[in-house]
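Residue numbers (this note's numbering): 36 to 78.
Here's what the structure looks like:
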């Protein structure tokens, strides 16, 4: 599998970069839901 997902001009976007961004977004979302469930401030 090619490590480069796509290119934006001179920049190459790699698969592991996409995976890291998705993991950070999902983690933030899950943490926010858990904070709401516990009655804490989700921020």
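Note that CB positions come from ideal geometry on N, CA and C, so glycine has one too. Remember, it's a predicted structure, so these values are computed and weren't measured experimentally.
**Item:** Simplified DSSP assignment, three categories, for residue 42
**Value:** strand
**Item:** Where the alpha helix (DSSP H) through residue 62 begins and ends
**Value:** 50-72
**Request:** In angstroms with no decimal places, state the Cα-to-Cα distance between residue 48 and residue 54.
**Result:** C-alpha separation (whole angstroms): 11 Å.
**Request:** Can you grab the Cα-Cα spacing for the pair residue 78 / residue 52, in whole Å?
**Result:** 25 Å
**Prompt:** Could you give the distance in angstroms between the alpha-carbon of residue 76 and the alpha-carbon of residue 65?
**Reply:** 14 Å
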